[in-house]
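*Asks:*
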Amino acid sequence: MTQAAIKNPHYEKIGGEEGVRQLVELFYEKMDTLPEVRTIRNMHAQDLTGAKRKLFRFLSGWLGGPALYTPHGQPPRLGQKHAPFPIGHAERDQWLLCMQLAMAELQLEPSLQQELMASFTRLATSLMNHQHTHAGKRLNEQVVLLEYPFKS
Ligand code: HEM
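Positions in the sequence shown are counted from 1; adding 207 to them yields the numbering used here.
1. Could you check if Pro-293 is buried or exposed, using at least 16 other CB atoms within 10 Å of its CB as the buried criterion?
2. Using a Cβ-Cβ cutoff of less than 6 Å, which residues in the same chain neighbour Arg-299 once the five nearest sequence positions on both sides are dropped?
3. Rounded C-beta distance between Gln-259 and Val-227? I'm assuming under 8 Å.
4. Using a Cβ distance threshold of 8 Å, determine whether the segment 273 to 287 contacts the segment 303 to 312, with at least three qualifying pairs required.
5. What's the gap between the Cα of Gly-295 and the Cα of Arg-245?
6. Out of Ser-333, Gln-320 and Glu-225, which one is the CA nearest neighbour of Lys-288?
7. Can you list, in chain order, the residues of its chain with a C-beta nearer than 7 Å to that of Phe-188? Leave out the 5 residues immediately preceding and following it.
8. Distance check for Leu-241 and Ser-318, CA to CA, integer angstroms please.
9. Compare the Cα-Cα distances from Met-250 to each of Gln-301, Leu-323 and Leu-313 and report the closest residue.
10. Check whether the Cβ of His-251 sits closer than 7 Å to any heavy atom of the ligand HEM, and report yes or no.
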């Protein structure tokens, strides 16, 4: 058992480094293919390699494994890093949908999925910086978005 597993069981339960890698792959596969998450897909670069690497590093530490994203204990400053992207309810829910489907496909224990989903929901909610549920209004002109086709 690794040091990380003793500190926090989530990393080990998810399958360690390989499990986190698979989760990130599946997460971005959902983002890249599901039409209902097109709004957040369009916030990302065409090539998702960098985004995958960053999310993998972040989740590794967040789940209790090696702190690859902030190796010197710095705060991750996710709020600041997401500030250029208008994140409202729709965007948050699209992100969470990708994660929920990725965890289900990875066949994580249902109780672990529930527990992680609650934490992801809290974190994603804390990143909300925009009250509109569609992409009609932009905070940042550099962010190019298509019209959100699934207005509720
Ligand atoms: C709430 C909806 C969210 C949206 C729409 C969103 C969108 C994005 C976008 C567009 C990027 C830029 C990707 C890149 O640099 O290539 C990004 C970066 C990132 N996101 Fe999110 N994100 C969301 C939630 C989250 C959550 C909940 C987490 C953590 C569990 C997360 C972790 C990260 C990380 C670690 C980065 C890399 C930041 C950097 O170092 O530049 N995001 N996100």
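All C-beta atoms, glycine included, are put in the ideal place defined by N, C-alpha and C.
*Replies:* The short version:
1. buried
2. Ala-331 and Met-335
3. Contrary to the premise, residue 259 reads as Lys rather than Gln in this sequence. Their Cβ separation, rounded to whole angstroms, is 11 Å, which puts Lys-259 and Val-227 out of contact at 8 Å.
4. no
5. 14 Å
6. Ser-333
7. Only positions 208 to 359 of the chain appear in this structure, which leaves residue 188 out of reach.
8. 25 Å
9. Gln-301
10. yes
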